[in-house]
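Going by this note's numbering, the first residue of the sequence shown is number 279, and it counts up by one from there. Cβ coordinates follow ideal geometry from the N, Cα and C atoms, glycine included. None of the values given here were measured: they were computed from a predicted structure. Structure, as structure tokens:
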Amino acid sequence: MPQRRAITGRSQEPRARFAEELRLLRQGRGVSLRGMAEAVGWDASQFGKMENGHTLGGPEIVEALDQYHGTGGMLLTLWELAVADPTQFREQYRRYMILEAEAISLWHYAVSAPPGLLQTAGYAREALAGGWLKGPELEQQVEARLGRRQLLEGEAPPPFRAILSETVLRTWLRDMGAWREQLAHLVEMAGRPSITLQVLPFRAGRHGLTNTTVMFLRLPSGRVVAYTENDLRGELVEENASVELLQRRYDAMRDLALSPAESREFILRTLEEAPCEPSN
């Protein structure tokens, strides 16, 4: 097959293409970053970071730019493609991210950290920094993780069930403000009709997934795959017998968890008990 020719000569990589279009649109109007910021009402440095590919920004700022340039939704479409682009993730996670984006339902068990789909910016930044990421790479991976939340925030999000070990709720961040924000976010997410959160209390004792974080993805074909993870590596499990074994362990563990209503109250109490940041 002949190699596809880029007719426009512009980048074919979603993140780079989004940044390039932003830059060309502004330059085509002959306006500076500061001038555009004054017209649109956002900070000029944020626009500079977006044009340099250091950040994608959020949907609100992209919608504002779309209206400013009169592009009829084109910028928002490019932004959505960039957010969903699996190449923004480290290579070992890319196949999983493709499958996650296609999933029609998801079940998760969290050993020690909230699911990535439910993490706030503050939590994601501290967690990723703990893995020795820093600088631009850290910021890009934080943004990539937050971008995954779009899966649960669309018009028809797939059903998502997460069982949280009590350890998740007892392991604070160093930044107590960020930790309280994360707990509040879990409380909010637990109230959404497409999301079911359950807490597995310490008193449940050991079970078949005590040391294993796992995500099950039901794909449009009806096939279920699993992804298991620890601090060193993750593994995509596709062999039917292995997936079925993990599912049986998950179902047995779910029987030990608090109900969704009890779990939401448990998380809310944990938030209320969490210390506030000391005043200066």
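Burial state of S310 (16 or more Cβ within 10 Å): exposed
Neighbourhood of V340 by C-beta distance below 7 Å, restricted to the same chain and skipping five residues each side: L353, L354 and W357
Contact set for L487: own chain, Cβ-Cβ below 6 Å, skip 5 residues either direction: Y387, R527 and M531
Among L377, Q397, L447 and A407, the one whose alpha carbon lies nearest that of P436: L377
Alpha-carbon spacing of G336 relative to E513, whole angstroms: 31 Å
Three-state class that DSSP yields for A388 in the structure shown: strand
Where R547 falls, given that 16 or more other Cβ within 10 Å makes a residue buried: exposed
Where A535 falls: helix, strand or coil (DSSP): coil
Nonlocal neighbours in the same chain, by C-beta distance under 8 Å from L497, ignoring five residues either side: L377, E380, A381, I382 and V503
At least 3 beta-carbon pairs within less than 8 Å: the stretch 393–405 vs the stretch 417–425: yes
Alpha-carbon spacing of R453 relative to Q460, whole angstroms: Reading off the sequence, residue 453 comes out as Asp, not Arg. In a straight line, the C-alpha of D453 is about 11 Å away from that of Q460.
Same chain, Cβ closer than 6 Å to F367, five either side skipped, listed in chain order: M375 and A422
Proximity below 8 Å, CB of A552 to CB of R458: yes
Alpha-carbon to alpha-carbon, G483 and L334: 43 Å
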